[in-house]
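What follows is a short report on a single structure.
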Amino acid sequence: MPTDFVARFVDVDLELVQRRLPALGAACVAPRRLVRQAMLENDAVRARGAWVTVGSEGDRNALTLHDGRSGDGVEVPVADFGSARRFMEQIGFTAVAHRESYREEWRLQHIAFTLSDWPGLPRSLEINGPQEEHVRWAAQNLGLDFAHAVIGPDQFAGVPETPPPPQPVQAANASFQPVARAVAQEVEEFNIVDLGWSASPGFEPDEFWVNWVMILENPNRGHYCEFPTVQVTARDQGNYVVGTDDQVLHILPPGGRLAWAGSLSTNGVPHTLHIAGKPAEWHPTSRPPEHFLPFGYQGVRFKTNGDSCVVTGEITNPYPQYVEQVVLTALFRDAEGDLVGGEHTYIEGLNPNGATPFSLEGAVATPVASLDLMAAPWSSVSDDPWEQLLRRP
12 MPTDFVARFV
22 DVDLELVQRR
32 LPALGAACVA
42 PRRLVRQAML
52 ENDAVRARGA
62 WVTVGSEGDR
72 NALTLHDGRS
82 GDGVEVPVAD
92 FGSARRFMEQ
102 IGFTAVAHRE
112 SYREEWRLQH
122 IAFTLSDWPG
132 LPRSLEINGP
142 QEEHVRWAAQ
152 NLGLDFAHAV
162 IGPDQFAGVP
172 ETPPPPQPVQ
182 AANASFQPVA
192 RAVAQEVEEF
202 NIVDLGWSAS
212 PGFEPDEFWV
222 NWVMILENPN
232 RGHYCEFPTV
242 QVTARDQGNY
252 VVGTDDQVLH
262 ILPPGGRLAW
272 AGSLSTNGVP
282 HTLHIAGKPA
292 EWHPTSRPPE
302 HFLPFGYQGV
312 RFKTNGDSCV
322 VTGEITNPYP
332 QYVEQVVLTA
342 LFRDAEGDLV
352 GGEHTYIEGL
362 NPNGATPFSL
372 EGAVATPVAS
382 LDLMAAPWSS
392 VSDDPWEQLL
402 RRP
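Once you know that position 138 of the sequence shown is 149 in this note's numbering, the rest is easy, because the numbers rise by one and skip nothing.
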């Protein structure tokens, strides 16, 4: 099913764009208003490659089911954003993403211009047209460097509907000279830079439990990743899948790393384990990686007792702010330095520049010779725990 062609530009002078759009013959069709969107999923819609969004734009609220395979969407008006989201959560849906921004829309025939901003974040412009040449024409006449554009629709909001047949686009002012310019970065996907796992028999026949640990790395210095998701798959010796599951994390900071330990139940003896990243939601940030200070550790000791490893010590807070909660992941390594297991725990109440004791215990299949510790701020109520900690612009 064909879709619109979409190009997005970041760090745009929106005031200048607003002055230039009338010169193209464009008109403002939706004044600046607050837009809220929440993405929700459950096992049934995820299995169909679908998802649900609850959206609010000014006085318009809607619940939409998006079909990622066909590009179709079914929209139902709702009275209130918050009530609709709570209703979906009450019937078994889980909110996996949330976004707010101020948005303004302009239109020129079949070309749509969406101007977005949010306090402290780089402002952006999205140009949506029936064909690539229409979008290129609009970008050129706004002075935007198309080589710096991020191509593709906003996956959070779903796939655009099929446009009407394209019509020729003519400038309203032939003497218009492009003066605005956007600077955007090409975003690379996150990498899985280290992985380890072990398996042990379960309680049922042919049941095994796989304990795995991984480290994700963000190669982008100017973008952070929201809700990075990986698919964990175990296969038997015949290369048949014996278990698979998705793991959704929180925030992967720019130029940073994030460790996580999890488990997977399999129906058969696992022979290999593969972890693959899924398409991610990326956001620009003006905070360099150097602002995301790593947490420190002191007095760390570990001891292997049979098939488990106990780790104790203190985690130190490098920030002058109180940290409500962090997730701490221990990465167990053997004598050759390979990952053989891991475990994570949540630590609450880190005083500014203070130290907080911790203890965790994880399953291991081989003796542990050394370990690494990696921590990140965590929250069950905030969409971005780094935002409060850093007050990220």
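Beta carbons: idealized from backbone N, C-alpha and C, even for Gly.
Where does R298 sit, in a helix, a strand or coil, going by DSSP? coil
Assess contact between the region 240-257 and the region 357-370, defined as three or more Cβ pairs (one per stretch) separated by less than 8 Å. Is contact present? no
Give the list of continuous beta strand (DSSP E) stretches no shorter than 3 residues that lie fully inside the region 77-131. 84-88, 105-119 and 122-129
Taking the alpha-carbon positions, what's the G273 to W223 distance? 5 Å
Unbroken stretches of the beta strand (DSSP E), 3 residues or longer, contained in the region 295-375: 307-316, 319-327, 334-344, 350-361 and 366-374
Counting C-beta neighbours from all protein chains within 10 Å, is the total for Y235 16 or more, i.e. buried, or is it exposed? buried
What is the DSSP secondary structure of D383, counted as helix, strand or coil? strand
Is the distance from the Cβ of P230 to the Cβ of E199 below 7 Å? yes
If you follow the beta strand (DSSP E) that H234 is in, where does it begin and where does it stop? H234 to E237
Would the beta-carbon of Y308 fall within 7 Å of that of L384? yes
Got a sec? Which residues, its chain only, sit under 6 Å from F303 by beta carbon, not counting five neighbours each side? P264 and G267
DSSP bridge partner residues for R19 (one or two, in chain order): E137 and V161
Determine the extent of the beta strand (DSSP E) in which L284 is found, giving its start and end residues. T283 to G288
Pull up the distance between the alpha-carbon of I326 and that of D54, whole angstroms please. 36 Å
Which partner residues of P388 appear in the DSSP bridge assignment? V337
Proximal residues to P363 (C-beta, below 8 Å), its chain only, five neighbours per side dropped: N328, Y330, P331, Q332 and Y333
For F157 versus I138, is the C-beta distance shorter than 7 Å? no
Counting along the chain, where does the alpha helix (DSSP H) carrying D54 start and finish? D54 to A58
Could you give the residue range of the alpha helix (DSSP H) that holds V198? Counting along the chain, V198 falls outside any alpha helix (DSSP H), and DSSP gives it neither H nor E.
Is the region 349-366 in contact with the region 278-289, if contact means three or more CB pairs nearer than 8 Å? no
In the DSSP assignment, what residue or residues form a beta bridge with V65? A49 and L74
State buried or exposed for V375, treating a residue as buried only when at least 16 other CB atoms are found within 10 Å of its CB. buried
Given D217, which residues of its chain have a CB within under 7 Å of its CB, disregarding the five upstream and five downstream residues? N278 and G279
Give the DSSP bridge partners of L227, in chain order. I203 and L269
Pick from L32, V379 and I102 that is closest to Q151, judged by C-alpha positions: L32
Reduced DSSP secondary structure (H/G/I, E/B, other) of V146: helix
Whether F119 touches L35 by CB criterion (7 Å): A quick correction: the sequence has Leu, not Phe, at residue 119. Yes, they are a contact pair.
Rounded to the nearest angstrom, what separates Q399 and R134 at their Cα positions? 20 Å
Helix, strand or coil, according to DSSP, for A34 in the structure here? helix
Extent of the continuous beta strand (DSSP E) to which Q258 belongs: V252 to V259
Is the beta carbon of G207 closer than 7 Å to that of V2? The chain is shown from 12 up to 404; residue 2 falls before or after that span and cannot be answered.
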